[in-house]
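Q: Chains A and B supply the protein sequences, listed in that same order. Per my numbering, the first sequence starts with residue 275, numbered consecutively. Per my numbering, the second sequence starts with residue 2, numbered consecutively.
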Amino acid sequence: MILASAGNALVWVVWVVAAFSCLGSAVAVVTFSNPFYSALALIGNLSSLAVMYLLLSAEFVAAAQVLVYAGAVVVMFLFVIAYVGPRLETPWSGGPTWQTIGAVAAAGALLVEIVVAVGMQASGSLSHSDKVGAAFGTPAWIGRVFLVDHLLAFEITSVVLLVAAVGGVILGSHTKRAV
Amino acid sequence: MSGPNVAWYVALAACLLGIGALGVLIRRNTLVVLLSLELMLNAGNLALIALARHWHNGAGQIFALAVMAIAASEVCVGLGLVVALNRRHLSLDVDTLSELKG
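#1: Quick one: what's Asp-94 (chain B) bridged to in DSSP?
#2: For the alpha helix (DSSP H) that Gln-62 (chain B) lies in, which residues bound it at each end?
#3: Compute the distance between the beta-carbons of Asn-282 (chain A) and Gly-4 (chain B), then report whether it is under 7 Å.
#4: Can you find a C-beta in chain B that's less than 7 Å from the C-beta of Val-285 (chain A)?
#5: Would you say Ile-375 (chain A) lies against chain B (beta-carbon separation less than 7 Å)?
#6: Quick one: Cα of Asp-96 (chain B) to Cα of Glu-387 (chain A), how far?
#7: Whole alpha helix (DSSP H) runs in the stretch 413-453 of chain A with 4 or more residues, listed along the chain?
#8: So the candidates are B:Ala-8, B:Leu-26, B:Leu-18, B:Leu-32; which of them puts its Cα closest to the Cα of Arg-361 (chain A)?
#9: Thr-305 (chain A) to Phe-353 (chain A), Cα distance in whole Å?
#10: Determine the contact status of Val-348 (chain A) and Leu-328 (chain A), defining contact as a CB-CB distance below 7 Å.
#11: Going along chain A in order, which residues have a C-beta closer than 7 Å to the C-beta of Gly-24 (chain B)?
#12: Candidates B:Arg-28, B:Ala-60, B:Ser-37, B:Ala-70: which alpha carbon is nearest Thr-371 (chain A)'s?
#13: To the nearest angstrom, how far is the alpha carbon of Ile-71 (chain B) from that of Ala-280 (chain A)?
#14: At which residue ranges does the stretch 301-351 of chain A contain complete alpha helix (DSSP H) runs of 4 or more residues, listed in the order of the chain?
#15: Buried or exposed: which applies to Val-358 (chain A), given that a residue is buried once 16 or more other Cβ atoms fall within 10 Å of its Cβ?
#16: Counting only beta-carbon separations shorter than 7 Å, does Gly-446 (chain A) have a partner in chain B?
#17: Along the chain, where does the alpha helix (DSSP H) containing Ala-379 (chain A) start, and where does it finish?
#18: I need the DSSP call for Gly-103 (chain B), collapsed to helix, strand or coil.
#19: Can you tell which of B:Ala-60, B:Leu-13, B:Ile-20, B:Leu-82 has the C-alpha that lies nearest to the C-alpha of Ala-48 (chain B)?
#20: Contact check, Phe-310 (chain A) vs Ile-375 (chain A) under 8 Å by CB: the rounded distance?
#21: How many Å lie between Val-440 (chain A) and Leu-80 (chain B) at the Cα?
#22: Please work out which residues of its chain come closer than 6 Å, Cβ to Cβ, to Gly-103 (chain B), disregarding the five sequence neighbours upstream and downstream, and give them in chain order.
#23: Is it buried or exposed, Ile-416 (chain A), if we count other Cβ atoms within 10 angstroms and call 16 or more buried?
#24: What does Gly-45 (chain B) touch in chain A if you count any residue whose Cβ is under 7 Å from its own?
#25: Using a beta-carbon distance below 7 Å, is Thr-431 (chain A) in contact with chain B?
#26: For Leu-91 (chain B), is the classification buried or exposed, using 16 other Cβ atoms within 10 angstroms of its Cβ as the cut-off for buried?
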């Protein structure tokens, strides 16, 4: 019993640390004036989200998050930022304009809307907690679910990735075309 | 589940989505807008995985992996656009890129 409560406290500590680093790095992504630092802050955000996924017993998704996002997507961002050169932009300079006021109001309204909708719809059904099986979220389990139950989604995802790759090559090719 | 229950995760996902939406609306640099879009997609992923754990249903994790693939495609096309704009010496400010406006 003491061991179980100590484990609970440890999970809470890990959750709070991950949540604060997640929110802090998200704010950093939005507020840094240099896009290079924003991309670096996104790595912190993705890593703390991977910790969240581990707490939610989604081991495979956590590994894919680190490999695909922090490993591939952010590196691509960093390459493109280095390619186009530093373009500093100070989002809060010049005092509040109608655009920033409207943006803050719209984002706040979105947040309030989600919280109210989820709170009204869930109304207590999200509060119970229980155990899942040990296999939940492991690579073997994900592989079986993906390739047996959701095979069509898997194949369509591969087609989407192929189309996006072809589109990226066409957009980035050097041929001169009429705009 | 020991530790925080799923409502905490959903609340965190809502906050992340709000921060990402603020970034999309407030920033002018195309690259930072794309980074903020990544934040919003990740907020959706967090909610999906938390609710998959809550309902003991694998479909949420599969959906999260599909969202990851879509995000990679979006970054591929978006960064291709940024490189193409930069090659034509156009500005990367989203307020000046209004030629496609109807």
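C-beta atoms are modelled at their ideal positions from N, C-alpha and C, and glycine is treated no differently.
A: The short version:
#1: Start at 1 with the first residue of the second sequence, and residue 94 (chain B) comes out as number 93. Answer is B:Asn-30.
#2: The sequence position of residue 62 (chain B) within the second sequence is 61, counting from 1. Residues 60-88.
#3: The residue you call residue 282 (chain A) lines up with position 8 of the first sequence. The residue you call residue 4 (chain B) lines up with position 3 of the second sequence. Contact: yes.
#4: Residue numbering aside, residue 285 (chain A) sits at position 11 when the first sequence is read from its first letter. Cβ-Cβ to chain B under 7 Å: yes for Val-285 (chain A).
#5: Numbered from 1 along the first sequence, position 101 holds the residue referred to as residue 375 (chain A). Not closer than 7 Å to any Cβ of chain B, the Cβ of Ile-375 (chain A) fails to qualify, so no.
#6: Counting from one through the second sequence, the residue named residue 96 (chain B) turns up at place 95. Counting from one through the first sequence, the residue named residue 387 (chain A) turns up at place 113. Cα to Cα, Asp-96 (chain B) sits roughly 27 Å from Glu-387 (chain A).
#7: 413-418, 425-446
#8: The sequence position of residue 361 (chain A) within the first sequence is 87, counting from 1. Nearest option by C-alpha distance: B:Leu-32.
#9: Taking the first sequence and counting its residues from 1, one reaches residue 305 (chain A) at position 31. Taking the first sequence and counting its residues from 1, one reaches residue 353 (chain A) at position 79. Rounded to whole angstroms, Thr-305 (chain A) to Phe-353 (chain A) spans 21 Å at the Cα level.
#10: Indexing the first sequence from 1 puts residue 348 (chain A) at position 74. Indexing the first sequence from 1 puts residue 328 (chain A) at position 54. It is not a contact, given that the beta carbons lie outside the stated cut-off.
#11: For the purposes of this step, residue 24 (chain B) is taken as the residue at position 23 of the second sequence. Those are Val-303, Val-304, listed as they occur along chain A.
#12: Here residue 371 (chain A) is taken as the residue at index 97 of the first sequence, counted from 1. The candidate whose alpha carbon is nearest that of Thr-371 (chain A) is B:Arg-28.
#13: Against the second sequence, residue 71 (chain B) aligns to sequence position 70. Against the first sequence, residue 280 (chain A) aligns to sequence position 6. Computed Cα separation, rounded: 40 Å.
#14: 309-329, 333-338
#15: Position 84 of the first sequence, counting from 1, holds the residue named residue 358 (chain A). Flag for Val-358 (chain A) reads buried.
#16: Walking along the first sequence from the start, residue 446 (chain A) turns up at place 172. Taking Cβ atoms only, chain B reaches closer than 7 Å to Gly-446 (chain A), which makes this a yes.
#17: Start at 1 with the first residue of the first sequence, and residue 379 (chain A) comes out as number 105. Element bounds for Ala-379 (chain A): 372-396.
#18: Here residue 103 (chain B) refers to the residue found at position 102 when the second sequence is read from its first residue. For Gly-103 (chain B), the predicted model reports a pLDDT of 47, less than 50, meaning its position is unreliable; a value from the coordinates is still stated below. Gly-103 (chain B): coil per DSSP, three-state reduction.
#19: Against the second sequence, residue 48 (chain B) aligns to sequence position 47. If we check each option's Cα against that of Ala-48 (chain B), B:Leu-13 comes out closest.
#20: Here the question's residue 310 (chain A) lines up with position 36 in the first sequence. Here the question's residue 375 (chain A) lines up with position 101 in the first sequence. At roughly 28 Å, the Cβ-Cβ gap does not stay under 8 Å, so Phe-310 (chain A) and Ile-375 (chain A) are not in contact.
#21: As a position in the first sequence, residue 440 (chain A) is number 166, starting the count at 1. As a position in the second sequence, residue 80 (chain B) is number 79, starting the count at 1. If I take the Cα positions, the gap works out to 13 Å.
#22: Here residue 103 (chain B) refers to the residue found at position 102 of the second sequence. Reliability fails at Gly-103 (chain B), whose pLDDT of 47 lies under 50, so the model's placement of it is uncertain and the value that follows must be treated cautiously. For Gly-103 (chain B), where only same-chain residues beyond five positions count, there are no Cβ hits under 6 Å.
#23: In the first sequence, residue 416 (chain A) corresponds to position 142, counting from 1. With 16 or more other Cβ atoms within 10 Å, it is buried.
#24: Along the second sequence, read from residue 1 onward, the residue named residue 45 (chain B) stands at position 44. The contacting residues do not exist; Gly-45 (chain B) stays about 11 Å from chain A at best.
#25: Here residue 431 (chain A) refers to the residue found at position 157 when the first sequence is read from its first residue. Interface residue, yes.
#26: Your numbering for residue 91 (chain B) matches position 90 in the second sequence. That one is exposed.
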